[in-house]
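Each residue of the sequence shown is one higher than the last, beginning at 89 in the numbering used here.
All C-beta atoms in this analysis are idealised placements derived from N, C-alpha and C, irrespective of residue type, glycine included.
Below is one structure, written out as structure tokens; the observations come after it.
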Amino acid sequence: MAGSTLFSPAPYHILSYGTLLGTTFFHTFVGGIVSFQMLARPQFAILMAKLFPVYFSMQTALPVVLALTYPATTTTPSGGGVAGVLDVANRWTVLVPIAAMFATALANLAVVGPATTRCMDDRKMQERKDGKKSYDGPPHSQEMTALNKKFAILHGVSSLLNLGSFIATVVYGFTLAARLA
Numbered sequence: 089m090a091g092s093t094l095f096s097p098a099p100y101h102i103l104s105y106g107t108l109l110g111t112t113f114f115h116t117f118v119g120g121i122v123s124f125q126m127l128a129r130p131q132f133a134i135l136m137a138k139l140f141p142v143y144f145s146m147q148t149a150l151p152v153v154l155a156l157t158y159p160a161t162t163t164t165p166s167g168g169g170v171a172g173v174l175d176v177a178n179r180w181t182v183l184v185p186i187a188a189m190f191a192t193a194l195a196n197l198a199v200v201g202p203a204t205t206r207c208m209d210d211r212k213m214q215e216r217k218d219g220k221k222s223y224d225g226p227p228h229s230q231e232m233t234a235l236n237k238k239f240a241i242l243h244g245v246s247s248l249l250n251l252g253s254f255i256a257t258v259v260y261g262f263t264l265a266a267r268l269a
């Protein structure tokens, strides 16, 4: 590895992108699904409650690293880094996807994820009161029915945000690929 490459932002940009895409793809389409299929619901819930903060933190931090390490080109007069990301010529191909990655992950990290965890905790408390698991067949108490509905909505919103992050990451991958061609 040449010394100049070590200090170039380009390899860090590519490594950050690869980490983000790989992590998001694996968690969304492999790890989460296999865990749900193989673990009992209580163990799955414990695992996800521990994984999601780490996962959403990575999904939030890595777009920032992408913006900071955006490599300059001879066709980008404003240079690299944040200035290159903000360059008008890069608005739709760079800024929008990176901003979408960041915003969707931040929403999951700061708002939706914690709300979902609180709802899961509320369901556990209601399970003790009702003497019945939230995922057991009906009938459920009115309180559990409301909590199950709330959880389904929060989980759906979180899943959509995660999918939005994945799509933005893939879209940005096409921008990176075009730069390599």
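- Contact check between the segment 194-204 and the segment 129-149: three or more CB pairs, one atom from each, fall below 8 Å, which counts as touching.
- The DSSP assignment places complete alpha helix (DSSP H) segments of no fewer than 4 residues inside the segment 159-232 at 169-174, 184-195, 201-218, in order along the chain.
- About 13 Å separates the Cβ atoms of residue 257 and residue 148, ruling out a contact at the 8 Å cut-off.
- Within the same chain, Cβ atoms closer than 6 Å to the Cβ of residue 167 are found at 160, the five residues on either side in sequence being excluded.
- Within the same chain, and ignoring the five residues on either side of residue 104 in sequence, the residues whose Cβ sits closer than 6 Å to its Cβ are 150, 153, 154.
- At the C-beta level, residue 206 and residue 239 stay beyond 8 Å of one another.
- Residues of the same chain with their beta carbon placed closer than 6 Å to that of residue 265 are lacking, with the five preceding and five following residues left out of the count.
- Around the C-beta of residue 190, 16 or more other C-beta atoms lie within 10 Å, and the residue is accordingly described as buried.
- Residue range 97-114 is occupied by the alpha helix (DSSP H) that includes residue 110.
- Taking all protein chains shown into account, residue 260 has 16 or more neighbouring C-beta atoms within 10 Å of its C-beta and is therefore buried.
- Scanning 107, 203, 192 for the CA closest to the CA of residue 248 turns up 192.
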